[in-house]
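Student:
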Amino acid sequence: MSQNEQFALPGFEDWEAAYNKQLPDGKTVRNRSGIEVKPMYTPADWDVEEYGDKLGFPGTAPFTRGIYPTMHRGRTWSQRQLIGLGIPSDYNKRLHRMLKAGTSAISMIPCNSIYRGLDADQIDPVLLGTCGTIINTVEDMETCLDGIPIDEISTALNDPLPFTMLAQVLAVAERRQIPWTKITGTANQSDYISHFVANHMFYRLALPGSRRVLMDHIEFAREKVPNWNPMSVVGQHMQQAGATPAEAMAFTLSTAIQNAEDCLSRGMELEDVLTRFTFFFDISVSFFEEVAKFRAGRRIWARIVRDRFGISSAKAQRFKFHGQTSGVDLTRQQPLNNIARVTAQAIAGIFGGLQSLHTDSFDEVLSTPTEDAARIAIATQNILREEAHLTDVIDPLGGSYYIERLTDQMEEEIVALIDKIDDLGGMYKAVESGWVQGKIGASAMAFQDRITHGDETIVGVNAYQVESEVELPVQPLDRPAPEDIEAFIENLADYKRRRDQSAVDRALDDLAEIANDNNRNTFEGVVNAARAGATQSETIAVMRAELGFGQPLVVA
Amino acid sequence: MTTAGLSEAGQRLVEKILEGQPAALSRAMTEVENETGHAAALLAAVQKATGRAVTIGITGPPGAGKSTLVNALIGEYRQAGKTVGVIAVDPSSPLSGGAILGDRIRMAEHSHDPGVFVRSFASRGHLGGLSRTAGRVIDLMDAAGWDIILIETVGAGQSEVEVADIAAIKLVVSAPGLGDDIQAIKAGILEIADILVVNKCDQPLAEQTKRSLKAMLKLKQSGSQDIPVLGTVATTSEGLAELVSEIALQDEKQRRGDNLVDRKPRIRRNLAEAVGQLAKDRLRQNQSADIDALIVALESGETDYLAAAEAVLDGGQTNREIAATRLEKKTGS
Amino acid sequence: MNSEANLTRPAKVLVTKIGLDGHDRGSRIVAAALRDAGLEVVYTAPWQEIPTVAKLAMEEDVDVIGVSSLATDHLLVPKLMKELHKAGLDYVKVIVGGIVPDNEEQDLLDAGVARVFHPGSDMADIVGTVQMLAGEAQNDTARQL
Ligand SMILES: Nc1nc2c(ncn2[C@@H]2O[C@H](COP(=O)(O)OP(=O)(O)OP(=O)(O)O)[C@@H](O)[C@H]2O)c(=O)[nH]1
Ligand SMILES: [Mg+2]
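If you're matching them up, the sequences are chains C, G and U in order. Its first residue numbered 1389, the first sequence is counted upward by one per residue in this note's numbering. Its first residue numbered 2, the second sequence is counted upward by one per residue in this note's numbering. Its first residue numbered 104, the third sequence is counted upward by one per residue in this note's numbering.
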């Protein structure tokens, strides 16, 4: 605020007087992170002298304006739509259709039963394949990837630890005689900390075991699958669970710090590992706040890598992130409005400088997205990129008095939270003690209160409700055919009969042994189990038995 | 009122409770918890069947691991073939009166086991770590034939001494790292312990916590030096075998010749609750001149509430006189 | 409180999640709102087995069960209704909150679910409905002595 005094802006006071006169009881506006937003910003809010230090140029530290010199002018973002439904052959068909339509990177979402570490013969069949693809064995993975050039295409796996899906992909590669060095992509759900904080769905192992298994995975990948990104730090779960944008960024960066420190304690070469760190964020509809969140996050991370870890390499300081438009902002009421929301969210992400983008389908709050709605979501990206010319200028909001001031303020918020977590002994401890969960829970509640009291407008929900909604064409629900599911379960039983059971037993026994020996790498054992024919559930069961089951830390 | 007969449905319910049908027990608990018109008669009807269960109270500061310890104890007793009933009390919100009852979350491992019955209660503004009717609810559970009854109090750390009356064996649970360790369990709570449990012994400062607890016990009167201090890790059941055998030892000490437990403290507490409730009900309804006179005396400051209450309880007829003498005595001394 | 709700004692509600999904932001917020309206809420971790939910409802003698479903776990609710019936708990009212496609909502109502709440539902409506249903459950003749 001292900046204000230094600056004499002719006419400012006249404007202020006029503003106050016309809007005598204009109320205080705060963004979702709690930062007060003024009605107008001027050069007094931003010190251009600090340009070099705070902004620099795209591709140079601190990367506020982007991590690459050419940004979206050179290469736009990857369009990574998450898909996964039904049985492996369904997935494979859809994948081929998408590749034909020009998708350049694939992703794979397994059925929720797999997140829970259960095979198809262990849960109620009515749930199977309703949220993702059922992939239990290497054979299932082979079917999923049939005819897909996995050595040419980047694959994102929603594969929580102990990373049975990657193990299956590696086994498939081996069968096809594709060297592991050609496998590229990202372990999207490697961030166990975010799962413990916000997303019970991915629980596999207790905290200490999770910590070790992630390190095993990173170490294994750096040695044997060098083009794989083993560490994706996920802020998305936390923001979905109710963290404010500033909190989500802070908790994500603290998680990244924790993981980097764990890599160091493991004796890994941090500079090398950090080049393989990626981030994954939610993009809410709070437009400017999101842009500022990403700009601030990039700058803070670069400084953390430089100052805390003493690494000067630009490659290690780059904050590469995938953004997903926030499903929490979407409404069931007047569902087509969601297309507008997704558009605003996507623009925020693009102006925020993302490397990869998933746009939600407008019907996501109604049911599992239909293919038509998914196509509109992709089209939204194409329109923004090519018709709206959003990519012509790098960091187009840079230099806006407001955006620069807000970036600074978000940075202050975020850094204060990171400091607090440092005081608590780091992210692992802060999560173990439940502090982070408490903070997120309180923010979720506060936001709900704002909606209830009308302080936050949600079109169609607490404002602009309509009597009769636009009739949507009735879409057939994408539920797998019961006979397909039945056949899948039968096939699994058959698979278990066909396989070399003694090889499976040996691999699982060996895995148990490895789990109890801190000098050996558990992921090695997981890969061997997949090769030998163990199902994902059998593999996870061994890990759970040896390393403990992941129970919710904070529930009520 | 206490001897009022039961309806046919009520009698059937009693039979089912005594047969050990959990749904019947649950229904009766609701009647007792809410002190409905049927509560007293239900309790009277099951009274003879009580006195067999081992009642174990578990108290200690918030987050010490009481619920987790209950979960581990359930595991031990189930393995030994005993059935286990649990009564878990959580605080009610002083603002809304509502409550989130979350203790049983930690006991989820046993939630499908028919040999385990967990019931959560909100404290409903009652102080002392329990709900007002906890003692009576235990009677029901006891009569229904549950071998072991575990009672988890509200975690407040200081004044949950009420559990001393209603549980035969009292565990006071503490854990390292709960702030100023020992400070967390002070004032009165140590005195009620039959066994002191230092939970979370997998954590660094556990030994230190144990040592300071022992030292603290030494400072107290000589009798309490015998109170055993046991370490546990509730999450892995470490130390549970020792805890269970210590509980068995205490239980044996307390059993009478007929192998029943002396329930007099629990009965005394239940009686006190009943007297209090009855007194309140009567006083609210009573339009007698004596009470009116007392009210006038209170209004004018002639007497005080304690004296007036004593006057009401000590005899109905001459309240005014009693009140007057009482006031004299007080001002005289 | 809600004058229409014919409560004879504090309403007791079980807030839970069945099936596979673990996203619990919604169920937490609803549980807190119910508490703040004076209800007594038994809260569970996600992934409850259906027989366990029935046993829990029996032990806690709840008036209402609220099931939160954000993925496809609502598909299991008809099975829960059967289980409650088997356990003699027909008087317990069940509501479902979350993402339920329109054409599957009817299946739930047909199975005996009292009400389905969709994302963006008014919290006051949820609380009021739960209180009203709890009143009905408390006064069910099957529960009178
Ligand atoms: N490390 C460790 N953690 C434990 C142990 N026992 C319990 N915990 C953890 O401590 C936390 C609190 O445990 P609870 O059992 O809920 O504690 P409580 O005393 O019942 O808490 P309130 O009912 O809220 O007063 C949970 O996260 C438990 O997992 C233990 O022996 N070791
Ligand atoms: Mg507890």
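In this text, a Cβ means the ideal position worked out from N, Cα and C, and glycines have one as well.
(1) Determine the extent of the alpha helix (DSSP H) in which residue 78 of chain G is found, giving its start and end residues.
(2) So, does the CB of residue 1554 of chain C fall closer than 8 angstroms to a CB anywhere in chain U?
(3) Cα separation between residue 1446 of chain C and residue 1923 of chain C?
(4) Sorry if obvious, but does the Cβ on residue 156 of chain G come closer than 7 angstroms to a heavy atom of ligand 2?
(5) Who are the Cβ neighbours of residue 1549 of chain C in its own chain at under 7 angstroms, not counting the five residues just before and after it?
(6) With a threshold of 6 angstroms on Cβ separation, who are the neighbours of residue 271 of chain G within its own chain once the five nearest residues in sequence on each side are excluded?
(7) Which residues have a Cβ closer than 5 angstroms to any heavy atom of ligand 2, listed in chain order?
(8) Which residues, taken in chain order from the region 261-292 of chain G, show a beta carbon closer than 7 angstroms to some beta carbon of chain U?
(9) Would you report the Cα separation of residue 245 of chain G and residue 76 of chain G, rounded to the nearest angstrom?
(10) Within 10 Å of its beta-carbon, does residue 1343 of chain C have 16 or more other beta-carbons around it, so buried, or fewer, so exposed?
(11) Looking at the structure shown, is residue 1945 of chain C part of a helix, part of a strand, or coil, going by DSSP?
(12) Of all the CB atoms in chain U, is at least one closer than 8 angstroms to the CB of residue 1576 of chain C?
(13) For chain U, is any of its Cβ atoms less than 8 angstroms away from the one on residue 30 of chain G?
(14) Taking all protein chains shown into account, do 16 or more other C-beta atoms lie within 10 angstroms of the C-beta of residue 146 of chain U, making it buried, or fewer, making it exposed?
(15) In angstroms, rounded to a whole number, what distance separates the CA positions of residue 1929 of chain C and residue 1505 of chain C?
(16) Residue 122 of chain G lies in the beta strand (DSSP E); which residues open and close that run?
(17) Closest by CA to residue 1461 of chain C, which one among C/1738, C/1527, C/1705 and C/1480?
(18) Looking only at DSSP bridge pairs, what is residue 1879 of chain C linked to?
(19) What residue does the beta strand (DSSP E) around residue 188 of chain U start on, and which one ends it?
(20) Cβ of residue 196 of chain U versus every heavy atom of ligand 1: is any distance shorter than 7 angstroms?
(21) Tell me where the beta strand (DSSP E) around residue 1502 of chain C begins and ends.
(22) Taking the alpha-carbon of residue 1501 of chain C as reference, which of C/1404, C/1494, C/1524 and C/1828 has the nearest alpha-carbon?
(23) Could you tell me the boundaries of the beta strand (DSSP E) in which residue 34 of chain G lies?
(24) Mind listing the chain U neighbours of residue 35 of chain G? Cutoff is C-beta to C-beta under 9 angstroms, in chain order.
(25) Could you work out which residues of chain C lie near residue 187 of chain U, taking near to mean beta carbons separated by less than 8 angstroms?
(26) Along chain C, which residues have their Cβ under 7 angstroms away from the Cβ of residue 221 of chain U?
(27) When the Cα of residue 86 of chain G is compared with those of G/54, G/101 and G/93, which residue comes out closest?
(28) Look at the alpha carbon of residue 255 of chain G and the alpha carbon of residue 196 of chain G, and state the distance between them as a whole number of angstroms.
(29) For residue 1772 of chain C, I'd like the list of residues in its chain whose CB is within less than 8 angstroms of its CB, leaving aside the five on either flank, ordered along the chain.
(30) Whose C-alpha, out of U/152, U/216 and U/230, is nearest the C-alpha of residue 134 of chain U?
(31) Should residue 1596 of chain C be counted as a contact of ligand 1 given a C-beta to heavy atom distance under 7 angstroms?
(32) Residues bridged to residue 146 of chain U by DSSP?
(33) Taking 8 angstroms as the limit between beta carbons, can you name the residues of its chain near residue 1424 of chain C, skipping five residues before and five after?
(34) Give the DSSP-derived three-state secondary structure of residue 105 of chain U in the structure shown.
(35) Spell out whether any CB of chain G is found under 8 angstroms from the CB atom of residue 148 of chain U.
(36) Taking just the CA atoms, how far does residue 114 of chain U sit from residue 1635 of chain C?
Tutor: According to the data block:
(1) Its alpha helix (DSSP H) spans residues 67-80.
(2) By this cut-off, residue 1554 of chain C is not an interface position.
(3) Residue 1446 of chain C and residue 1923 of chain C: Cα-Cα distance of roughly 46 angstroms.
(4) Under cutoff, so the answer is yes.
(5) 1578, 1580, 1592, 1593, 1598, 1601, 1602 and 1605, listed in sequence order.
(6) Taken in chain order, the residues that qualify are 136 and 137.
(7) Cβ atoms closer than 5 angstroms to ligand 2 belong to G/67, G/68 and G/104.
(8) Cβ contacts with chain U come from no residue of the region 261-292 of chain G.
(9) Taking the straight line joining both Cα atoms gives about 11 angstroms.
(10) Because chain C here runs from 1389 to 1944, residue 1343 of chain C falls outside it and cannot be looked at.
(11) Residue 1945 of chain C is absent from the model: chain C starts at 1389 and stops at 1944.
(12) Not an interface residue.
(13) The beta carbon of residue 30 of chain G falls within 8 angstroms of a beta carbon belonging to chain U, placing the residue at that interface.
(14) By the 10 Å Cβ count, residue 146 of chain U comes out buried.
(15) Near 7 angstroms, if we compare the C-alpha coordinates of residue 1505 of chain C and residue 1929 of chain C.
(16) Residue range 117-123 is occupied by the beta strand (DSSP E) that includes residue 122 of chain G.
(17) Cα-wise, what sits closest to residue 1461 of chain C is C/1738.
(18) Answer is none; residue 1879 of chain C lacks a bridge partner.
(19) Run containing residue 188 of chain U: none in the beta strand (DSSP E); it sits in the alpha helix (DSSP H), 180-189.
(20) Because no heavy atom of ligand 1 lies under 7 angstroms away, the Cβ of residue 196 of chain U does not count as near it: no.
(21) Careful: residue 1502 of chain C lies outside any beta strand (DSSP E), inside the alpha helix (DSSP H) at 1500-1503.
(22) The shortest C-alpha separation from residue 1501 of chain C is found at C/1524.
(23) No beta strand (DSSP E) holds residue 34 of chain G; the alpha helix (DSSP H) holding it covers 23-34.
(24) For residue 35 of chain G, the C-beta contacts it makes with chain U under 9 angstroms involve 111, 112 and 113, in order along the chain.
(25) Ordered by position in chain C, no residue passes the 8 angstroms Cβ test against residue 187 of chain U, which lies about 17 angstroms from the chain.
(26) Going along chain C in sequence order, the residues near residue 221 of chain U (Cβ under 7 angstroms) are 1720.
(27) Among G/54, G/101 and G/93, the Cα nearest to that of residue 86 of chain G belongs to G/54.
(28) Each residue's alpha carbon lies about 14 angstroms from the other.
(29) Residues 1731, 1734, 1735, 1738 and 1778 of the same chain have their beta carbon placed closer than 8 angstroms to that of residue 1772 of chain C, with the five preceding and five following residues left out of the count.
(30) Minimum Cα distance to residue 134 of chain U is reached at U/230.
(31) For residue 1596 of chain C, the Cβ stays outside the 7 angstroms cut-off from all heavy atoms of ligand 1.
(32) In DSSP, residue 146 of chain U forms a bridge with U/118.
(33) The residues are 1416, 1417 and 1418.
(34) Reliability fails at residue 105 of chain U, whose pLDDT of 45 lies under 50, so the model's placement of it is uncertain and the value that follows must be treated cautiously. The answer is coil: DSSP assigns residue 105 of chain U none of H, G, I, E or B.
(35) Yes, its Cβ sits closer than 8 angstroms to a Cβ of chain G.
(36) Approximately 36 angstroms between the Cα atoms of the pair.
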